[in-house]
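Worksheet: one structure, shown below.
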Amino acid sequence: MACCAVGAYIVFHFLNIHEKLCALYPRQSYADHAPPQRPKPVKGAQVRILSLDGLTCASCVSDVQDIIKTIPGVLKATVSLGLLRAQVEFNNHLVTEGEIIDAIRSAGYDAHSLPSSDSQSWASLLSMIQEPTNSQQHHVNSCQRDFLVATAASVLFFASRSIIGLWTTQNSYINLIAYIAVAMSLLAGSQLHFEALRSAWHGQRPNMATLASLGIMLALIQAVADSLQTGINRSYRMDFKSLEVIPILSTSVLGGRLLKTILSRRDRVFASPLSSLVPAMAMVCNKTDEHASIPIDLLSPCDSVIVRQGEHIPCDGVVESTASALILETWINGSLEPRTVKRNDAVYAGGQVQQGSLVCRTTACGRSTRLGELLTSVVTAELANSEPQLHRATSWFSSAVIIIAITLLTVYPVFANETCWIDGLGRASALLLAACPCSLSLSIPTCKLLATVEASKFGVRLLTTYARLRSAASAQTIFFDKTGTLTHGDLKVIHASFSKEWETLEKQEILWRAVHEVEAGITHPVARALFQESYSKLGEKPGYLSTILVSEIKYELGRGAQAVVTATQPGSESTTWKLAIGSRTYIESPGVSVDLSQTPVKMRTGVTTTVVLAMDGKQAAVFALEDTVRSDAQKVISQLKDLGLTIGMITGDNAASATSVARELGIDSDMIFANALPEEKSCILARFLQRGPAIYVGDNYNDLLCFASASFSICVASSEMQSIDSDCADGTLMISEASPLSRIPLMILLARRMRRIVTQNHCWAVVYNILSVACVLGVGWIPPPSP
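Going by my numbering, the sequence shown opens with residue -16, and the numbers climb by one from there.
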């Protein structure tokens, strides 16, 4: 009873820790969209995605995968426990999709066909990336219910045996309670027995469920046999010592299954944030200028689509008409700086119109868009990841134990002093109970939970599997995105120079006041940087603000702004200037001469952004803006090198900017990859994955494909990116006062420590099981237990 109580306490304690972690870092709610996939089809073959049900562990995954691969005509099969999906590549001349589904169902599992992957509609794609949350939660609820019933049955059984001596006249009723408790334990473990029976019926490898089920059944048979033997003497009496194994083993095994189910599932999938960029409806303009809102799957090439401010573009297309619009395409280039588009410019599905509006002519819809292709690629990369193959070792161990148990049942009545075969049943049941590899299978989820708890203490949220954490421990290469990861992701004014006419402090204050008024409320990154710099230069001086009047402000999206500035100095008349602020090209367009001689040469490259301020047609000031490197980045890079990792950078920014940051941080020039689109980033990462596990650290949409492709992924969360789903990565560096990058070496050290502890636990479990078997068999100096 003590063993059962301790096991139940441990399970409930771990579940309590898990719930506290979920409360500490609550999951965000998302639309029911997330992925499986469709790779590029091989010539002469078809690729299909199947939805699976009935998968409960890595052993089930291996069984289903082996079943599919043995079907003639199947070229390749990949099964994901986290997604409950199977990707099957097969020759349709030799086998059909229906035959593959029938083969899976005949093995005791369930499979369903998803919408055809040949369809180019958004609906077919989004249905393929729908999260298997409902199915996973149903399995968790089922395991939890079984465990609670088994725990209650164990408490009831041992309570009845403890008080049986207090009311001797009611022994029959107390015994009835014990029988009911045993029946409850058997009922709670019905799924366990079903899996064992299914495994035996289909000739699959035995596993922990097989050993547990056989141990319980042999204990039940022994108790019944004892009762029948005593019944010969007209004194039927059930052997409760044999029966007590049933609630103990049921509670322990079902508790372990519940822990593994909760800790092994992955509620988030990498493509979920990207699917949120797909709008449900599109506003179409016909030839008579009438507008109609239609589902995006009804869009066709050459349709004219109206996209207003704040809306996402539903298709790839070409701008037909717009005064001027700013498009945020973070998922393509990783930048938070919007792009200015004009007539005949290309736009892509998923882009968000930040300012203005536009009408675009559709060139691609659904899965044929760049966003659709990226979603497909993300799922392809995710299904390629597999779980560790510990269950294979467990299967061989279970097979060996079953063979020993059968041998014991056969040989024991012949060579033992006792002649009753019932004693052999007891020893075989004890062998199966002692050798049950719970310690092997529970080591991974337990250590993973403890690693999650430890990571949360230093501000890292882990939402991943043990396989990917183990990959982080053995990683040889780590790649960083640049903008928002190694840098802050925000432009800052790093230099300001003023012409001689405006170099006095009073004149500079007038310029800063004017910039403060003109750039207030503008969301463009350059405008935000200038506004913040003006605020820091001036401080809070509301009394002086009334002496500056800025009027007639006119903005040209993506280029600059114009205004009229009126300043009233104390004791003097008002002075009025015409202000123009923007890019060098914008200022020079009306004929203003721009001189950058006062700006340092290193700040005139493509790394920095130059903004010119002109007053009355003459240059007044020049501002140099740059995305600054995080203060701790260099130290973190050095620490990672000390851990034996090769450091690289993959960015969508230009080569000059990437080289400048890499040189400052000490990243080798041959590990710098610039001007890379999301698909190109993934290809670069794939080359290094062939050499060994690799980690990728990024911060937003354009990194999602690398998150899915990498052996382990880390997302740097920030307050500026709250709308971006950071849960799509394995580890998230949560927002806090501490520097985020400094936690990366700690996370890698934690993963290595977890791997080391799991290895130690497995070694101990093997020794423990060997000694347990030896104890039951009476090998060497260890005396056999009395029957």
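All residues carry an ideal CB built from backbone N, CA and C; glycine is no exception.
The beta carbon of residue 596 lies closer than 6 Å to those of 564, 603, 604 in the same chain, with the five residues before and after it left out.
Between residue 619 and residue 724, the gap from beta carbon to beta carbon is short of 7 Å. The distance from the Cβ of residue 633 to that of residue 464 is about 7 Å, consistent with a contact at the 8 Å cut-off. When secondary structure is reduced to three states using DSSP, residue 72 falls in the strand class. DSSP, read as helix, strand or coil, puts residue 449 in helix. Taking a C-beta distance under 7 Å as the contact criterion, residue 441 and residue 726 qualify as a contact pair. In the displayed model, residue 310 falls within a strand according to three-state DSSP.
Inter-residue distance for residue 631 and residue 460 is about 7 Å (C-alpha atoms, whole angstroms). With a contact defined as Cβ atoms closer than 8 Å, residue 612 and residue 466 miss out at about 11 Å. Exclusion of the five residues before and after residue 453 leaves 738 as the residues of its chain whose Cβ lies within less than 6 Å of its Cβ. Excluding the 5 residues flanking it on each side, residue 382 has same chain C-beta neighbours closer than 8 Å at 188, 189, in chain order. Here the stretch 294 to 313 lies against the stretch 340 to 358, with 3 or more beta-carbon pairs under 8 Å apart. Checking the DSSP bridge columns, you'll see residue 36 partnered with 93. By a beta-carbon distance limit of 8 Å, residue 278 contacts residue 264. Their separation comes to about 6 Å. Judged by DSSP secondary structure, residue 473 falls outside any alpha helix (DSSP H) and instead within the beta strand (DSSP E) spanning 470 to 481. Proximity to residue 312 across 334, 297, 330, 543 peaks at 334, based on C-alpha coordinates. With respect to the 7 Å criterion, residue 232 and residue 199 are classified as neighbours on the basis of their beta carbons. Judged by DSSP in its simplified three-state form, residue 551 adopts strand. Each of 230, 109, 197, 192 was checked against the Cα of residue 163, and the nearest Cα belongs to 230.
Judged by their CB atoms, residue 309 and residue 337 are nearer to each other than the 7 Å cut-off.
Going by beta carbons, residue 71 and residue 51 fall inside the 7 Å limit. For residue 331, no beta strand (DSSP E) encloses it, and the DSSP letter there is neither H nor E. Looking at the backbone, the Cα of residue 323 and that of residue 307 are separated by about 7 Å. By the Cβ test, the stretch 444 to 453 is in contact with the stretch 687 to 700, since at least three Cβ pairs between them sit closer than 8 Å.
Taking a 10 Å sphere around the C-beta of residue 752, we find 16 or more other C-beta atoms and assign the residue as buried.
Under the three-state reduction of DSSP, residue 714 is assigned to strand. Residue 672 has its alpha-carbon roughly 15 Å from the corresponding atom of residue 680. Residue pairing for residue 598: DSSP places it in a beta bridge opposite 562, 601. For residue 142 and residue 161, the gap between their C-alpha atoms comes out near 9 Å. Segment contact: the stretch 710 to 719 against the stretch 686 to 695, three or more CB-CB distances shorter than 8 Å; contact assigned. For residue 269 and residue 352, the gap between their C-alpha atoms comes out near 22 Å. The C-alpha of residue 628 is placed about 15 Å away from the C-alpha of residue 648. In the DSSP assignment, residue 282 falls outside any beta strand (DSSP E), carrying neither H nor E. In the three-state reduction of the DSSP assignment, residue 698 falls in the strand class. Annotation: the continuous beta strand (DSSP E) that includes residue 344 extends over 341 to 347.
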